[in-house]
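Peer 1:
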Amino acid sequence: MSEDQTTTGGAAARPSGVPSSPGHVGGGGSLSGVGYNTERDTRARVARLILEHGPVTASTLGERVGLTPAAIRRHLDALLAEGMIEVRKARVPQTRRGRGRPAKWFAITDAGRSAFVHAYDDLAAGALRFLAEKAGEHAVAEFARRQIADLERRYLPVVQDAPPQQRVRTLAEALSGDGYAAAAAKAPQPGGGEQLCQHHCPVAHVAAEFPQLCEAETEAFSRLLGTPVQRLATIAHGDGICTTHVSPRSLCGTDRAGDPAASVTPGGDAGDQASPERTQISDEDSGGTSL
């Protein structure tokens, strides 16, 4: 067995655009289905792990896929050359590393995201179209709220236990655990606040047609954080990142997560946002839109 072969199997979209059977990476990167016995399949698996769990380090990827450091570096170099992934520097070190160069973090690019086959998007969109036709748009909104309710229930105790000044970051960490590749940063707008950035959206293609999915998520963020939030950009609308502005808690006079927010303003468009390691976004970086 070569160093690129693993004992686990599964299916993932191929970075080169060649379709494969749909699959989902679960906890620890284990998969089921067709075995990975070619270098291209292994590379596709690495790309999907970066998509769902990135930004992520090479060592973490190697552990998940079961590859040697040399093998994982070869795959990462190939994905970088294809423009499927990019290198980022961690804004805050995740662990104490000692001396030496800081670890590189790998994240999916827009080109990499679009290369993946969304095998179930048509089915999901068709089901929501049928629901809207038979029961009305309000039924779609109710479905979206019900879908996000479980996520909100799981996140609420975690967010409530965090200090008020750490709750946006805690929510970002919880979202990242579910594959949203989220990060928190200080907002560049006058008046302060924070930004919650999600680099991956598993329902982006469906949400492009049914914005009720984004609206339900935004409403849940406001309830979890106990402060008004505003969606500035979404992957579903063609932006590179889903970006949500979180108002300073001092403006709404509450200090408990889960309190009803004064208002929620879902939707809206903006240019591509900064990556997690950046704390400010210039007009040039945001496509000429000052956020």
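Here our numbering is used: the first residue of the sequence shown is 12, the next is one more, and so on.
Here a beta-carbon is modelled for each residue, glycine too, at the ideal position from N, C-alpha and C.
In whole angstroms, what is the alpha-carbon distance linking residue 100 and residue 144?
Peer 2: Rounded to whole angstroms, residue 100 to residue 144 spans 47 angstroms at the Cα level.
Peer 1: Which residues in the same chain have their Cβ closer than 8 angstroms to the Cβ of residue 227, if we skip the five residues on either side of it in sequence?
Peer 2: Contacts found: 152, 155, 156, 158, 159.
Peer 1: Could you tell me whether the Cβ atoms of residue 59 and residue 76 are closer together than 8 angstroms?
Peer 2: no
Peer 1: Under three-state DSSP, which class holds residue 132?
Peer 2: Looking at residue 132 - three-state DSSP - the assignment turns out to be helix.
Peer 1: Let me check understanding here. Comparing Cα to Cα, which of 83, 201, 72, 126 lies closest to residue 95?
Peer 2: 126
Peer 1: Pick out whichever of 184, 115, 74, 71 has its Cα sitting closest to the Cα of residue 91.
Peer 2: 115
Peer 1: How close, in whole Å, do the beta carbons of residue 212 and residue 247 come, if the pair is a contact with beta carbons under 8 angstroms?
Peer 2: Their Cβ separation, rounded to whole angstroms, is 7 angstroms, which keeps residue 212 and residue 247 in contact under 8 angstroms.
Peer 1: Residues in its own chain within less than 6 angstroms of residue 191 by CB, not counting five upstream and five downstream?
Peer 2: 209, 211
Peer 1: Give the list of continuous alpha helix (DSSP H) stretches no shorter than 4 residues that lie fully inside the region 163-218.
Peer 2: If we require 4 residues or more, the alpha helix (DSSP H) runs fully inside the region 163-218 come out as 178-188, 215-218.
Peer 1: Where does residue 252 fall in DSSP's three states?
Peer 2: coil
Peer 1: What are the boundary residues of the alpha helix (DSSP H) that residue 232 is part of?
Peer 2: Counted as a single uninterrupted DSSP element, the alpha helix (DSSP H) harbouring residue 232 occupies residues 223-236.
Peer 1: Identify whether residue 114 lies in helix, strand or coil by the three-state DSSP scheme.
Peer 2: coil
Peer 1: Is the beta carbon of residue 80 less than 8 angstroms from the beta carbon of residue 73?
Peer 2: A contact, by the Cβ cut-off of 8 angstroms.
Peer 1: Answer with buried or exposed for residue 224, where buried requires no fewer than 16 other C-beta atoms within 10 angstroms of its C-beta.
Peer 2: Result: buried.
Peer 1: Roughly how many angstroms separate the alpha carbons of residue 7 and residue 229, rounded to a whole number?
Peer 2: Not covered by the structure: residue 7. The range shown for the chain is 12 to 302.
Peer 1: Among 251, 231, 186, 215, which residue has its Cα nearest to the Cα of residue 64?
Peer 2: The shortest Cα separation from residue 64 among 251, 231, 186, 215 belongs to 186.
Peer 1: Take the Cβ of residue 97 as the centre, count every other Cβ of all protein chains shown within 10 Å, and call the residue buried at 16 or more, exposed below.
Peer 2: buried
Peer 1: So the alpha helix (DSSP H) residue 87 belongs to, where does it begin and stop?
Peer 2: That run of the alpha helix (DSSP H) goes 80-92.
Peer 1: Measure the C-alpha to C-alpha separation of residue 219 and residue 250 and round it to an integer number of angstroms.
Peer 2: 11 angstroms
Peer 1: Tell me whether the beta-carbon of residue 124 lies closer than 8 angstroms to the beta-carbon of residue 86.
Peer 2: The answer is no: Cβ separation not under 8 angstroms.
Peer 1: Can you name the residues that DSSP bridges to residue 244?
Peer 2: The partner list for residue 244 (beta bridge, DSSP) reads 254.
Peer 1: Using three-state DSSP, classify residue 68 as helix, strand or coil.
Peer 2: strand
Peer 1: Distance, Cα to Cα, residue 163 vs residue 82?
Peer 2: 39 angstroms
Peer 1: I need the DSSP call for residue 220, collapsed to helix, strand or coil.
Peer 2: coil
Peer 1: How about residue 198 and residue 180: are their beta carbons less than 8 angstroms apart?
Peer 2: Taking C-beta atoms as the reference points, residue 198 and residue 180 fail to come closer than 8 angstroms.
Peer 1: Per DSSP, residue 97 forms a beta bridge with which residues?
Peer 2: 118
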